[in-house]
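J.:
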Amino acid sequence: MMIVGPRQPGNDIDVYLSPLIEDLTKLWEHGVDVWDGNLWETFRLHAMVFCTINDYPTYGNLSGYSVKGHHACPICEINMSFFQLKHGKKMVYTRHRRFLKHYHLYRRLKKAFNGSQENEIVPKPLNGKEVYDRVKNIITIFGKTQKKSATETNIWKKRSIFFDLPY
Ligand SMILES: [Zn+2]
Numbered sequence: 060m061m062i063v064g065p066r067q068p069g070n071d072i073d074v075y076l077s078p079l080i081e082d083l084t085k086l087w088e089h090g091v092d093v094w095d096g097n098l099w100e101t102f103r104l105h106a107m108v109f110c111t112i113n114d115y116p117t118y119g120n121l122s123g124y125s126v127k128g129h130h131a132c133p134i135c136e137i138n139m140s141f142f143q144l145k146h147g148k149k150m151v152y153t154r155h156r157r158f159l160k161h162y163h164l165y166r167r168l169k170k171a172f173n174g175s176q177e178n179e180i181v182p183k184p185l186n187g188k189e190v191y192d193r194v195k196n197i198i199t200i201f202g203k204t205q206k207k208s209a210t211e212t213n214i215w216k217k218r219s220i221f222f223d224l225p226y
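Take the sequence shown: its letters are residues 60 to 226, numbered as in this note's numbering.
(1) Excluding the 5 residues flanking ASP95 on each side, which residues of the same chain have their C-beta closer than 8 Å to its C-beta?
(2) Where do the ends of the alpha helix (DSSP H) carrying ASP82 lie?
(3) Please report the straight-line C-alpha distance between GLY119 and ALA131, rounded to a whole angstrom.
(4) Give the DSSP bridge partners of LEU104, in chain order.
(5) Can you tell me where the alpha helix (DSSP H) with VAL151 in it begins and where it stops?
(6) Cβ of MET139 within 7 Å of any heavy atom in ligand 1?
(7) Just confirm the distance between the C-beta atoms of ILE80 and ILE220, as a whole number of angstroms; I'd bet it's less than 8 Å.
(8) What's the gap between the Cα of PRO225 and the Cα of TYR191?
(9) Leaving out five residues on either side along the sequence, give the residues of the same chain with a beta carbon under 7 Å from the beta carbon of PHE141.
(10) Should ILE214 and TYR124 be called a contact, given that it needs their Cβ atoms to be closer than 8 Å?
(11) Return helix, strand or coil for SER219, following the three-state DSSP convention.
(12) Using a Cβ-based criterion (distance less than 7 Å to any ligand heavy atom), does ILE134 qualify as near ligand 1?
(13) Which stretch, first to last residue, makes up the beta strand (DSSP E) that contains SER140?
(14) For the alpha helix (DSSP H) containing LEU164, list its first residue and its last residue.
(15) Using CA coordinates, which residue listed in LYS217, LYS145, SER122 is at the minimum distance from ILE112?
(16) May I have the straight-line CA-CA distance separating ASP71 from VAL108, to the nearest angstrom?
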């Protein structure tokens, strides 16, 4: 699929995906008759989206999660730990050594990281219902007019069109 323009589509990706969602809904609910050349008969084919494979910015476009700024990690979400480098002004995300195995060497290294050990356990990723609860009341704004900054209350930018699927 080609999406016109030099910039990322943002929420507008859902406009381009809506015909696909229609087809996927039809494939799930009714299926389509397909010819089986081996058995010389037709059969009813059903299909569903199992997963998507994409880069991180596209993950943000598809899911509606703000993958930039203070809450760029969808696993940590509002419990994200970050600070801004004094000179480079880059955002640094900390407390991600907790994703390593409990006795991993890097968890104990202080000097190589931010001067502290990390003994926390891995945060639990949100399940589908928890994500839906966060986005179900969001009114999706299409076009390039929306504000880009994410705060603690708007780290989800839209209810993804994938929630329109019946499964
Ligand atoms: Zn994280």
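Positions of the beta carbon are idealized from the N, C-alpha and C atoms, including for glycine.
On a predicted model such as this, the values are computed, not experimentally measured, just so you know.
T.: Reading it off the structure:
(1) Walking along the sequence shown from the start, residue 95 turns up at place 36. Around ASP95: THR101, PHE102.
(2) Here residue 82 is taken as the residue at index 23 of the sequence shown, counted from 1. Per DSSP, ASP82 belongs to the alpha helix (DSSP H) from 72-88.
(3) Along the sequence shown, one-based indexing puts residue 119 at 60. Along the sequence shown, one-based indexing puts residue 131 at 72. Cα to Cα, the separation comes out at about 9 Å.
(4) Residue numbering aside, residue 104 sits at position 45 when the sequence shown is read from its first letter. Secondary-structure assignment with DSSP links LEU104 through a beta bridge to VAL91.
(5) Looking up residue 151 in the sequence shown gives position 92. Note, VAL151: premise wrong, no alpha helix (DSSP H); beta strand (DSSP E) at 150-153.
(6) Here residue 139 refers to the residue found at position 80 when the sequence shown is read from its first residue. Under cutoff, so the answer is yes.
(7) On the sequence shown, residue 80 is found 21 positions in, with the first residue counted as 1. On the sequence shown, residue 220 is found 161 positions in, with the first residue counted as 1. Confirmed, Cβ separation roughly 5 Å.
(8) For the purposes of this step, residue 225 is taken as residue 166 along the sequence shown, with counting starting at 1. For the purposes of this step, residue 191 is taken as residue 132 along the sequence shown, with counting starting at 1. Between PRO225 and TYR191, the C-alpha separation is close to 13 Å.
(9) In the sequence shown, counting from the first residue as 1, residue 141 sits at position 82. Counting only Cβ-Cβ distances below 7 Å, and skipping sequence neighbours, we find HIS129, MET150, VAL151, TYR152, THR153.
(10) Taking the sequence shown and counting its residues from 1, one reaches residue 214 at position 155. Taking the sequence shown and counting its residues from 1, one reaches residue 124 at position 65. Yes, Cβ-Cβ distance for ILE214 and TYR124 is below 8 Å.
(11) Along the sequence shown, one-based indexing puts residue 219 at 160. DSSP places SER219 in coil when its eight states are reduced to three.
(12) Here residue 134 refers to the residue found at position 75 when the sequence shown is read from its first residue. ILE134: yes, Cβ under 7 Å from ligand 1.
(13) Along the sequence shown, one-based indexing puts residue 140 at 81. Looking at the DSSP string, the run of the beta strand (DSSP E) that includes SER140 is 140-143.
(14) For the purposes of this step, residue 164 is identified with residue 105 of the sequence shown, where counting begins at 1. From DSSP, the alpha helix (DSSP H) with LEU164 extends over 164-167.
(15) On the sequence shown, residue 112 is found 53 positions in, with the first residue counted as 1. The shortest C-alpha separation from ILE112 is found at SER122.
(16) Against the sequence shown, residue 71 aligns to sequence position 12. Against the sequence shown, residue 108 aligns to sequence position 49. Approximately 20 Å between the Cα atoms of the pair.
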